[in-house]
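**Q**
4 protein chains.
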Amino acid sequence: MHAVLRMCCPDRAGIVAELSNFIYRNSGNIVHLDQHVDAQANVFFARIEWVLEDFLIARDGIEDAARHLVRPFDPTFFSLDFTDRRPRVAIFVTKESHCLYDLLVRHDSDELQVDIPLIVSNHDTLRGAAEKFGIAFHHVPIFPETKAAQEAEQVRLLKEQDVDTVVLARYMQVLGGTFLDGFAGSVINIHHSFLPAFVGAKPYQQAYERGVKIIGATSHYVTPDLDQGPIIGQDVIHVSHRDSIEDFIRQGKDLEKVVLARAVWHHVRHRVLTYNNKTVLF
Amino acid sequence: MHAVLRMCCPDRAGIVAELSNFIYRNSGNIVHLDQHVDAQANVFFARIEWVLEDFLIARDGIEDAARHLVRPFDPTFFSLDFTDRRPRVAIFVTKESHCLYDLLVRHDSDELQVDIPLIVSNHDTLRGAAEKFGIAFHHVPIFPETKAAQEAEQVRLLKEQDVDTVVLARYMQVLGGTFLDGFAGSVINIHHSFLPAFVGAKPYQQAYERGVKIIGATSHYVTPDLDQGPIIGQDVIHVSHRDSIEDFIRQGKDLEKVVLARAVWHHVRHRVLTYNNKTVLF
Amino acid sequence: MHAVLRMCCPDRAGIVAELSNFIYRNSGNIVHLDQHVDAQANVFFARIEWVLEDFLIARDGIEDAARHLVRPFDPTFFSLDFTDRRPRVAIFVTKESHCLYDLLVRHDSDELQVDIPLIVSNHDTLRGAAEKFGIAFHHVPIFPETKAAQEAEQVRLLKEQDVDTVVLARYMQVLGGTFLDGFAGSVINIHHSFLPAFVGAKPYQQAYERGVKIIGATSHYVTPDLDQGPIIGQDVIHVSHRDSIEDFIRQGKDLEKVVLARAVWHHVRHRVLTYNNKTVLF
Amino acid sequence: MHAVLRMCCPDRAGIVAELSNFIYRNSGNIVHLDQHVDAQANVFFARIEWVLEDFLIARDGIEDAARHLVRPFDPTFFSLDFTDRRPRVAIFVTKESHCLYDLLVRHDSDELQVDIPLIVSNHDTLRGAAEKFGIAFHHVPIFPETKAAQEAEQVRLLKEQDVDTVVLARYMQVLGGTFLDGFAGSVINIHHSFLPAFVGAKPYQQAYERGVKIIGATSHYVTPDLDQGPIIGQDVIHVSHRDSIEDFIRQGKDLEKVVLARAVWHHVRHRVLTYNNKTVLF
Numbered sequence: 001m002h003a004v005l006r007m008c009c010p011d012r013a014g015i016v017a018e019l020s021n022f023i024y025r026n027s028g029n030i031v032h033l034d035q036h037v038d039a040q041a042n043v044f045f046a047r048i049e050w051v052l053e054d055f056l057i058a059r060d061g062i063e064d065a066a067r068h069l070v071r072p073f074d075p076t077f078f079s080l081d082f083t084d085r086r087p088r089v090a091i092f093v094t095k096e097s098h099c100l101y102d103l104l105v106r107h108d109s110d111e112l113q114v115d116i117p118l119i120v121s122n123h124d125t126l127r128g129a130a131e132k133f134g135i136a137f138h139h140v141p142i143f144p145e146t147k148a149a150q151e152a153e154q155v156r157l158l159k160e161q162d163v164d165t166v167v168l169a170r171y172m173q174v175l176g177g178t179f180l181d182g183f184a185g186s187v188i189n190i191h192h193s194f195l196p197a198f199v200g201a202k203p204y205q206q207a208y209e210r211g212v213k214i215i216g217a218t219s220h221y222v223t224p225d226l227d228q229g230p231i232i233g234q235d236v237i238h239v240s241h242r243d244s245i246e247d248f249i250r251q252g253k254d255l256e257k258v259v260l261a262r263a264v265w266h267h268v269r270h271r272v273l274t275y276n277n278k279t280v281l282f
Numbered sequence: 001m002h003a004v005l006r007m008c009c010p011d012r013a014g015i016v017a018e019l020s021n022f023i024y025r026n027s028g029n030i031v032h033l034d035q036h037v038d039a040q041a042n043v044f045f046a047r048i049e050w051v052l053e054d055f056l057i058a059r060d061g062i063e064d065a066a067r068h069l070v071r072p073f074d075p076t077f078f079s080l081d082f083t084d085r086r087p088r089v090a091i092f093v094t095k096e097s098h099c100l101y102d103l104l105v106r107h108d109s110d111e112l113q114v115d116i117p118l119i120v121s122n123h124d125t126l127r128g129a130a131e132k133f134g135i136a137f138h139h140v141p142i143f144p145e146t147k148a149a150q151e152a153e154q155v156r157l158l159k160e161q162d163v164d165t166v167v168l169a170r171y172m173q174v175l176g177g178t179f180l181d182g183f184a185g186s187v188i189n190i191h192h193s194f195l196p197a198f199v200g201a202k203p204y205q206q207a208y209e210r211g212v213k214i215i216g217a218t219s220h221y222v223t224p225d226l227d228q229g230p231i232i233g234q235d236v237i238h239v240s241h242r243d244s245i246e247d248f249i250r251q252g253k254d255l256e257k258v259v260l261a262r263a264v265w266h267h268v269r270h271r272v273l274t275y276n277n278k279t280v281l282f
Numbered sequence: 001m002h003a004v005l006r007m008c009c010p011d012r013a014g015i016v017a018e019l020s021n022f023i024y025r026n027s028g029n030i031v032h033l034d035q036h037v038d039a040q041a042n043v044f045f046a047r048i049e050w051v052l053e054d055f056l057i058a059r060d061g062i063e064d065a066a067r068h069l070v071r072p073f074d075p076t077f078f079s080l081d082f083t084d085r086r087p088r089v090a091i092f093v094t095k096e097s098h099c100l101y102d103l104l105v106r107h108d109s110d111e112l113q114v115d116i117p118l119i120v121s122n123h124d125t126l127r128g129a130a131e132k133f134g135i136a137f138h139h140v141p142i143f144p145e146t147k148a149a150q151e152a153e154q155v156r157l158l159k160e161q162d163v164d165t166v167v168l169a170r171y172m173q174v175l176g177g178t179f180l181d182g183f184a185g186s187v188i189n190i191h192h193s194f195l196p197a198f199v200g201a202k203p204y205q206q207a208y209e210r211g212v213k214i215i216g217a218t219s220h221y222v223t224p225d226l227d228q229g230p231i232i233g234q235d236v237i238h239v240s241h242r243d244s245i246e247d248f249i250r251q252g253k254d255l256e257k258v259v260l261a262r263a264v265w266h267h268v269r270h271r272v273l274t275y276n277n278k279t280v281l282f
Numbered sequence: 001m002h003a004v005l006r007m008c009c010p011d012r013a014g015i016v017a018e019l020s021n022f023i024y025r026n027s028g029n030i031v032h033l034d035q036h037v038d039a040q041a042n043v044f045f046a047r048i049e050w051v052l053e054d055f056l057i058a059r060d061g062i063e064d065a066a067r068h069l070v071r072p073f074d075p076t077f078f079s080l081d082f083t084d085r086r087p088r089v090a091i092f093v094t095k096e097s098h099c100l101y102d103l104l105v106r107h108d109s110d111e112l113q114v115d116i117p118l119i120v121s122n123h124d125t126l127r128g129a130a131e132k133f134g135i136a137f138h139h140v141p142i143f144p145e146t147k148a149a150q151e152a153e154q155v156r157l158l159k160e161q162d163v164d165t166v167v168l169a170r171y172m173q174v175l176g177g178t179f180l181d182g183f184a185g186s187v188i189n190i191h192h193s194f195l196p197a198f199v200g201a202k203p204y205q206q207a208y209e210r211g212v213k214i215i216g217a218t219s220h221y222v223t224p225d226l227d228q229g230p231i232i233g234q235d236v237i238h239v240s241h242r243d244s245i246e247d248f249i250r251q252g253k254d255l256e257k258v259v260l261a262r263a264v265w266h267h268v269r270h271r272v273l274t275y276n277n278k279t280v281l282f
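Protein chains in written order, with this note's numbering: chain U, 1 to 282; chain D, 1 to 282; chain R, 1 to 282; chain F, 1 to 282.
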């Protein structure tokens, strides 16, 4: 079992020495150390993962000890996680099944190493998919006049299940500020274009009309600005004049599935750090 | 030696039969036949290349005969080219040398099978590169007040050399309407982003600030609307938080070179058809 | 509803004219015509798809008429298919679930437009996956001494269900000659390397030991020579020294799924032609 | 100006702490720290780059101090380089010009930040290319009976120019053991296939005959076993049945150029470590 420390702070000399000494003198063995400096922004980032067996500080004291250690560096972000605690993930969907099935199948083989206590949808369409894999399905319809109340109900369901990560697997609703406040930095979306191209609705249609020769998909953290949050991952495929919009959609689905799954994988492995509306992926 | 017929027209039954019969009954042997129907726009496209040895129509009569043949189909585009006529290409540059050198080196090994009678630049910076490869270099400075006159001079130089294709190899000036009127559909530009993302100036800077995980390059025909013309080709590479803007620029140059060279290759092989601000690449 | 004619024959002048005339004079409207000449091997290939509404030849007479038409060209391959007949596909698996689930989920949304009457496995491990999607699952264990008899049983099951295409979705048995004789050119396999590198067992292990910087997957038709059949499709991803064998396997699964699904899609759309142990993909 | 320390040694706790403390207590500021553990082989790798301004140890004492520091870890590789010393690179070519020109053009814009004191060739074909860019060109013909003597002459030329890195830019001769002994780990080759597929002569021809759907290029360090050395980088492009061998060659050249240039870039930036016939690329 490992501990994972992530932090970012203003850059200065000696941070890595301080962190690595802390682990070494407490008999930890580092298995991964990733460090990055954004020279332009003068920000230091680190992710350190070490073996806890033989570590001299008791598990429930590690976070406090580490926070104390890094306080002099004025961290703007700090997190201490343990790899034996399985993240609890909720999946939000509407009617498109491909990303949902993709996540459920990965979950079935425990590739993601998470718990998925529930699926939430504004339609009842995908209940059958959820049931095939034995995951609770909650139909929470959204109408303009009830949106605030229904989002409160969504939050209640998530809190009840102790959810820490929300994955929008082609969820066709814009999340309100109240919802996002409760899960800031923990809501992952898949957008079916290579952002920032083709923001908003019907990106494949937009791509087709522009005559592009590549189409893409982008995973990103959700912020109040539509499709503007920090990008986690992107991938593309080449298309040609022979591809119709239907071909874009069919082939694009394969991109969406993989790009979303990779983003979830990095997030739940505690491999992402966010700053200045960008991500660092270790 | 081959003839290449390209056309597009409203789709209807029998066009391929008519075209292939024409060639067959005149003892031509088809080496490539590419056909495409845009079902949404109801447009038919074809490119047919055939061997002229033994062809029963004399070379200088083929274009008229073919035009006569396709007239009933009301073509919106028609072109008849011969593969033994080398396209005459002018390269426009400013200060960046990588795309220019790339084209000159390809020209040196005759990969492109074109003539390059001249290079035009609004700066004198790249004269040495042109001279290394023995190509005439014309310095035509552009200032706002002299732009119209200088573009007229550019057109004069191109006409004098019987140029049919203009390649903007990182030419940092917007071409005026008069210039474009004279070379409509024959001016190819390279833009250093995956369009339509990051139109305009400093696309790598824009990409860096948005925190994208892929960067790209796009070749397109130039139209009066900046970076909005029909896309010929695109390619991308993956980047990460470790890449600085300088790394984007350095790695992006390799994309720009290849994407531009491929576009020129397709254009001078008569493999591109344009419609609705898109391209068909055969 | 469309007819699809595929053929290959020695190249000579006039073939396209003959085929397109045949369709035109019988009031068919061509929606796709793809033609290719392998100049080195002097072989002509064509795939023509046309609308049957208004076609003057009755459906059950088309194949004979077309065969008669092409006889003078001495075709080495000829096939006439109708797009309203759904191919009948059997999936063979062993214990790995990812390719099976991928195909089942695509089948669930009818992306592939095929019938899947049965799944065959030499182990009982994946029965649950089959049952989730309501597909019959047949456990046919294979031991060296019973292999011939068990393959005969497999063939019996397939014939009973009128299967025309067999997809090996990580089936870990070498198929015998008797089996292959009955389904020549109709058995598609996925191999988890970019063939011809890393033939045989444990390709990810082989790739890891060689220290490659890309890993791949290859779909191909199965022939009696292990991993030597005509390649249908390939794709790769970049890896680095940070990727362990487990990372190769995890990321490789996403390649395998997509490369296999694309191969099935092309095959059941009648878009593949095979010659000289290669494929033409229209 | 920076110092770059690279090392690998058996893995154990405390190495990063020791290295980072050393730099910190001597007033160095780390700009890049990359660390990797091959858990399977139990090997630790590190590359640390730090600013030398204000460093308390004089430049000519740093290497000894660092060697002394890491001795207890029993390093199997150790290197200390300074970024203000420009590597001295010799390019070996035969008749193909594309990789040579590519390197010369990059050198012309100082992208690689190296000195190129000479080009060596077993033919006189590319003398003109060298002269265009003002680099000394040495024609050292190789015949079986004179090979040993001529390789001795090559080594003499390289030693005379204090060359530390040899780049085989499509050099069509196998280097002998004597030559390789003198430049072990410093000879970079480009092979025009995705190794280990298509070792040896005419890889594009081999690829065409096998009917692959991707072609590739591989940069690697040269060892006495042909095309078997540690792989530095690889890249691929998709091809189709429409591509002839000539198309493979033409498109493959663009791969070769970029894959070779990237390998040189990493090597001369001191970003590569070699072990077990593999590379770690930081």
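Just so you know, even glycine gets a beta-carbon here, dropped at the ideal spot from N, CA and C.
Quantities reported herein were computed from a predicted structural model and do not represent experimental measurements.
Q35(F) and F45(F) look like a contact to me (Cβ under 8 Å); what is the Cβ gap, rounded to whole Å?
**A** Position 35 of the fourth sequence, counted from the first residue, corresponds to residue 35(F). Position 45 of the fourth sequence, counted from the first residue, corresponds to residue 45(F). At roughly 7 Å, the Cβ-Cβ gap stays under 8 Å, so Q35(F) and F45(F) are in contact.
**Q** Which residue marks the beginning of the beta strand (DSSP E) containing L118(R), and which one marks its end?
**A** Position 118 of the third sequence holds residue 118(R). L118(R) -> beta strand (DSSP E) spans 115-121.
**Q** Checking contacts by CB at 9 Å: is D38(R) closer than that to chain F?
**A** What you label residue 38(R) is simply residue 38 of the third sequence in a count that begins at 1. At least one chain F Cβ lies under 9 Å of D38(R).
**Q** Grouping DSSP H, G and I as helix and E and B as strand, with all else coil, what is L260(R)?
**A** Position 260 of the third sequence, counted from the first residue, corresponds to residue 260(R). Three-state DSSP puts L260(R) in a helix.
**Q** So, does the CB of L52(R) fall closer than 9 Å to a CB anywhere in chain D?
**A** The sequence position of residue 52(R) within the third sequence is 52, counting from 1. No, its Cβ sits nowhere closer than 9 Å to a Cβ of chain D.
**Q** Tell me the DSSP secondary structure of F179(F) in three-state form.
**A** For the purposes of this step, residue 179(F) is identified with residue 179 of the fourth sequence, where counting begins at 1. Looking at F179(F) - three-state DSSP - the assignment turns out to be helix.
**Q** Taking just the CA atoms, how far does T83(U) sit from R269(U)?
**A** Residue 269(U) sits at position 269 when you count from the first residue of the first sequence. Residue 83(U) sits at position 83 when you count from the first residue of the first sequence. Distance between the alpha carbons of R269(U) and T83(U): 8 Å.
**Q** Step through the CB atoms of chain U and report whether any lies within less than 9 Å of the CB of V258(R).
**A** Taking the third sequence and counting its residues from 1, one reaches residue 258(R) at position 258. Yes, because at least one Cβ of chain U sits closer than 9 Å to the Cβ of V258(R).
**Q** Which class does P203(D) belong to by DSSP, given the choice of helix, strand or coil?
**A** Start at 1 with the first residue of the second sequence, and residue 203(D) comes out as number 203. It is helical.
**Q** Out of curiosity, what's the CA-to-CA distance linking Q40(U) and A90(U)?
**A** Along the first sequence, one-based indexing puts residue 40(U) at 40. Along the first sequence, one-based indexing puts residue 90(U) at 90. If you take the alpha carbons of Q40(U) and A90(U), they lie about 36 Å apart.
**Q** In the DSSP assignment, find the beta strand (DSSP E) that holds N189(R) and state where it starts and stops.
**A** The residue labelled residue 189(R) in the question sits at position 189 within the third sequence. Taken as a continuous stretch (DSSP letters only), the beta strand (DSSP E) holding N189(R) covers 187-191.
**Q** How many angstroms separate the CA atom of G216(R) from the CA atom of P196(F)?
**A** Counted from its first residue, the third sequence places residue 216(R) at position 216. Counted from its first residue, the fourth sequence places residue 196(F) at position 196. Straight-line Cα distance between these residues: approximately 12 Å.
**Q** Provide the residue span of the beta strand (DSSP E) that contains G233(U), from first to last.
**A** Along the first sequence, read from residue 1 onward, the residue named residue 233(U) stands at position 233. 231-238 is the extent of the beta strand (DSSP E) around G233(U).
**Q** Less than 8 Å separating the Cβ of A184(F) from some heavy atom of the ligand SAM?
**A** With respect to the ligand SAM, the structure offers nothing, as it holds no ligand at all.
**Q** Under three-state DSSP, which class holds V174(D)?
**A** The sequence position of residue 174(D) within the second sequence is 174, counting from 1. Coil, per DSSP.
**Q** Could you work out which residues of chain F lie near I30(U), taking near to mean beta carbons separated by less than 7 Å?
**A** Within the first sequence, residue 30(U) is the residue found at index 30, counting from 1. The answer, in chain order, is V16.
**Q** Out of S109(D), I142(D), R170(D), E160(D), point me to the one whose CA is closest to L118(D)'s CA.
**A** One-based indexing of the second sequence puts residue 118(D) at position 118. Nearest of S109(D), I142(D), R170(D), E160(D) to L118(D), Cα basis: E160(D).
**Q** Using only CA atoms, which one of C9(D), E63(D), T94(D) lies nearest to Q173(D)?
**A** Working through the second sequence from its first residue, we reach residue 173(D) at position 173. When each option's Cα is compared against that of Q173(D), the closest is T94(D).
**Q** Measuring alpha carbon to alpha carbon, tell me which of K202(R), I232(R), T218(R), V222(R) ends up nearest T178(R).
**A** Numbered from 1 along the third sequence, position 178 holds the residue referred to as residue 178(R). When each option's Cα is compared against that of T178(R), the closest is V222(R).
**Q** Going straight from the alpha carbon of R47(F) to that of G14(F), what length do you get?
**A** As a position in the fourth sequence, residue 47(F) is number 47, starting the count at 1. As a position in the fourth sequence, residue 14(F) is number 14, starting the count at 1. The straight-line gap from Cα to Cα measures roughly 15 Å.
**Q** Tell me, which residues are paired with V93(F) by DSSP?
**A** Residue mapping note: residue 93(F) aligns to position 93 of the fourth sequence, counting from 1. Note: V93(F) sits in a beta bridge opposite S121(F).
**Q** So which residues of chain U does S109(R) contact, with C-beta pairs closer than 8 Å?
**A** Along the third sequence, one-based indexing puts residue 109(R) at 109. Per Cβ cutoff of 8 Å: S97, H98.
**Q** If you draw a straight line from the C-alpha of G182(D) to the C-alpha of T76(D), how long is it?
**A** Residue mapping note: residue 182(D) aligns to position 182 of the second sequence, counting from 1. Residue mapping note: residue 76(D) aligns to position 76 of the second sequence, counting from 1. Their backbone Cα atoms lie some 19 Å apart in a straight line.
**Q** With respect to the alpha helix (DSSP H) encompassing S20(D), which residues constitute its N-terminal and C-terminal limits?
**A** As a working mapping, residue 20(D) is identified with position 20 in the second sequence. Where S20(D) is concerned, the enclosing alpha helix (DSSP H) stretches over 15-25.
**Q** In chain D, what lies closer than 8 Å to G252(U) by C-beta?
**A** The residue you call residue 252(U) lines up with position 252 of the first sequence. Those within 8 Å of G252(U) in chain D number zero; the least Cβ separation is about 15 Å.
**Q** Compare the C-beta of D34(U) with all C-beta atoms of chain B and state if any pair is closer than 9 Å.
**A** The structure shown contains no chain B; the protein chains it does contain are U, D, R and F.
**Q** Under 8 Å, with one C-beta from each stretch per pair, do the region 243-256 of chain R and the region 253-269 of chain F reach the 3-pair mark?
**A** no
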